[in-house]
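**Student:**
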Amino acid sequence: MNIIIIDGLSFALPLFIMAIGGIYCEKSGVTMLAVEGLQGFGAFTGAFAAVLVSGSFAGNSPVPFYIAMAFSVIGGGAFALIHALLCLKFKANQVISGVVVNILAMALTAYLTKLFNRIFFGAASDKFVLTVSSRITVPFLSEIPVLGAVFTNLYPFEIVIVLVAFLSWFVMYKTRFGMHLRACGDNPHAVDAAGRNVGKIRLAAIIISGALSGLGGICFAYSISANFSANIYVGYGYLAIAALIFGNWKILPTLAACLLFGFARSGGYRLVQVLQMPSSFQDLVMILPYVLTLLLLIFFSKQNGAPRALGVIYDKGAR
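Per the working numbering: the sequence shown = residues 669 to 987.
Shown next as structure tokens:
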């Protein structure tokens with residue numbers, strides 16, 4: 669049980685922070701299907717920064733990891749400007765824009781990874797090799813039966829994500845900006861009538877979405893794959909979108925959905941190990957979160973209440 673909880677949390681929390689980014693964007697009224705591309709480009713930026721500075725620090729130094737996290741946030745937020753430009757400036761179809769951003773990120777990061785490896789490191793490689801992040805255990809709390817697993821073998825990024833998630837919740841529900849952002853997704857004309865700039869609020873929401881997606885991406889790179897490569901585009905962004913839809917565009921229910929996906933994945937892996945099944949079954953286990961997603965969306969989609977202006981291009985002159 670402890671292993672299921674530990675591994676489940678390490679998968680669910682990066683997924684959760686990406687889903688929060690999607691919530692911010694869609695609560696403002698802009699459809700966000702670009703989470704996959706944003707997490708990939710953010711991870712690419714952070715991984716490149718970490719590899720670039722790693723020679724300046726000792727092999728076990730955590731500094732490159734935190735530098736990677738910072739640059740992944742910057743990279744994800746910057747790349748999200750493409751989605752903002754297409755949706756807000758050129759008023760493009762928001763679904764198509766998200767798909768374009770995903771495809772562009774996958775192709776661009778694959779090309780840049782090879783290019784930067786050749787230019788900066790003189791290596792013919794299609795990946796940035798990272799170390800697996802160290803883990804920490806919280807004294808005393810880790811000794812609590814069952815619940816103590818939550819505080820055992822934590823990746824440092826799990827603590828960061830919890831803090832960022834709480835801050836995101838506070839901003840969304842306890843600040844004027846959060847109130848205006850949520851209003852933009854339901855009645856943007858009312859926000860405009862109140863003297864607020866709908867375009868600027870939506871721009872900020874898209875950038876936040878990119879930043880949080882990038883943070884989730886680098887966390888996956890440091891925990892699951894221990895490197896950045898094209899393999900990071902394996903559907904985690906779409907899984908985060910499914911989680912926020914199942915969570916009804918609310919942060920706490922979305923956390924529950926992400927935990928469900930995470931524990932389904934880690935529980936499946938553990939089952940394969942306990943039953944001593946062939947390693948090929950581990951690949952089959954990877955589809956469990958996606959099967960759960962399909963089932964949940966089939967049975968609960970009718971109860972979802974999306975923002976009323978979601979996907980609707982804002983026209984200030986239309987009333």
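Glycine included, every Cβ here is placed at the ideal spot set by N, Cα and C. It should be emphasised that the depicted structure is a prediction, and the values quoted were computed from it without experimental measurement.
Taking 6 angstroms as the limit between beta carbons, can you name the residues of its chain near residue 830, skipping five residues before and five after?
**Tutor:** Nothing listed; no residue qualifies.
**Student:** Can you tell me whether residue 670 is helix, strand or coil according to DSSP?
**Tutor:** Helix, per DSSP.
**Student:** Using only the alpha-carbon positions, how far apart do residue 682 and residue 925 sit?
**Tutor:** C-alpha separation (whole angstroms): 13 angstroms.
**Student:** Should residue 825 and residue 801 be called a contact, given that it needs their Cβ atoms to be closer than 9 angstroms?
**Tutor:** Going by C-beta atoms, residue 825 is nearer than 9 angstroms to residue 801.
**Student:** Check whether the Cβ atoms of residue 833 and residue 917 sit closer than 9 angstroms, and answer yes or no.
**Tutor:** Taking 9 angstroms as the Cβ cut-off, residue 833 and residue 917 do not qualify as a contacting pair.
**Student:** Measure how close the beta-carbons of residue 706 and residue 680 come, nearest whole angstrom, since I'm counting them as under 8 angstroms.
**Tutor:** About 19 angstroms; that fails the 8 angstroms criterion.
**Student:** Would you list the residues sitting across from residue 804 in a DSSP beta bridge?
**Tutor:** DSSP output for residue 804 lists 822 as bridge partner(s).
**Student:** What first and last residue would you give for the alpha helix (DSSP H) that runs through residue 794?
**Tutor:** That residue, residue 794, is in no alpha helix (DSSP H); it is neither H nor E in DSSP.
**Student:** For the structure I just gave you, are there three or more beta carbon pairs, one from the stretch 728-740 and one from the stretch 851-858, closer than 8 angstroms?
**Tutor:** Too few Cβ pairs lie closer than 8 angstroms, so no.
**Student:** In angstroms with no decimal places, state the Cα-to-Cα distance between residue 922 and residue 983.
**Tutor:** Near 31 angstroms, if we compare the C-alpha coordinates of residue 983 and residue 922.
**Student:** Would you check if there are 3 or more beta carbon pairs closer than 8 angstroms linking the stretch 858-878 to the stretch 690-697?
**Tutor:** At 8 angstroms Cβ cutoff, the stretches touch.
**Student:** Does the Cβ-Cβ distance between residue 703 and residue 873 come in under 9 angstroms?
**Tutor:** No, the Cβ-Cβ distance between residue 703 and residue 873 is not below 9 angstroms.
**Student:** Would you mind working out which of 844, 915, 755 sits nearest residue 867, comparing C-alpha positions?
**Tutor:** The candidate whose alpha carbon is nearest that of residue 867 is 755.
**Student:** What are the uninterrupted segments assigned as alpha helix (DSSP H) that are 4 or more residues long and contained completely in the stretch 757-784, given in chain order?
**Tutor:** The qualifying runs do not exist here; there are none.
**Student:** Going by beta-carbon coordinates alone, are residue 976 and residue 853 separated by less than 9 angstroms?
**Tutor:** Yes; because the gap between Cβ atoms is below 9 angstroms, this pair is in contact.
**Student:** Looking only at DSSP bridge pairs, what is residue 895 linked to?
**Tutor:** Paired residue(s): 797.
**Student:** Between 972, 671, 981, which lies nearest to residue 814 when the distance is taken from Cα to Cα?
**Tutor:** Ranking 972, 671, 981 by Cα distance to residue 814 puts 671 first.
**Student:** Rounded to a whole number of angstroms, what is the C-alpha to C-alpha distance between residue 958 and residue 903?
**Tutor:** Cα to Cα, residue 958 sits roughly 9 angstroms from residue 903.
**Student:** Here's the rule I'm using: 16 or more other beta-carbon atoms within 10 Å means buried, otherwise exposed. How should residue 863 be labelled?
**Tutor:** Label assigned to residue 863: exposed.
**Student:** Secondary structure at residue 667, three-state DSSP: helix, strand or coil?
**Tutor:** Residue 667 lies beyond the range of the chain shown here (669 to 987); nothing can be said about it.
**Student:** Measuring straight from C-alpha to C-alpha, what distance separates residue 890 and residue 882?
**Tutor:** Answer to the nearest angstrom: the Cα atoms are 13 angstroms apart.
**Student:** Could you give the residue range of the alpha helix (DSSP H) that holds residue 944?
**Tutor:** Neither: residue 944 is in no alpha helix (DSSP H) and is coded neither H nor E.
**Student:** Using the Cα positions of residue 725 and residue 733, report the straight-line distance between them to the nearest angstrom.
**Tutor:** So the alpha carbons of these two residues sit roughly 11 angstroms apart.
**Student:** Excluding sequence positions up to five away, which residues of its chain have a Cβ less than 6 angstroms from the Cβ of residue 894?
**Tutor:** Hits under 6 angstroms: 798, 800.
**Student:** Starting from residue 740, trace the alpha helix (DSSP H) both ways and give me its first and last residue.
**Tutor:** First-last of the alpha helix (DSSP H) with residue 740: 731-752.
**Student:** Identify whether residue 837 lies in helix, strand or coil by the three-state DSSP scheme.
**Tutor:** Residue 837: helix per DSSP, three-state reduction.
**Student:** By how many angstroms is the C-alpha of residue 743 removed from the C-alpha of residue 769?
**Tutor:** Cα to Cα, residue 769 sits roughly 14 angstroms from residue 743.
**Student:** In terms of alpha-carbon separation, which member of 788, 931, 766, 669 lies closest to residue 723?
**Tutor:** Nearest of 788, 931, 766, 669 to residue 723, Cα basis: 788.
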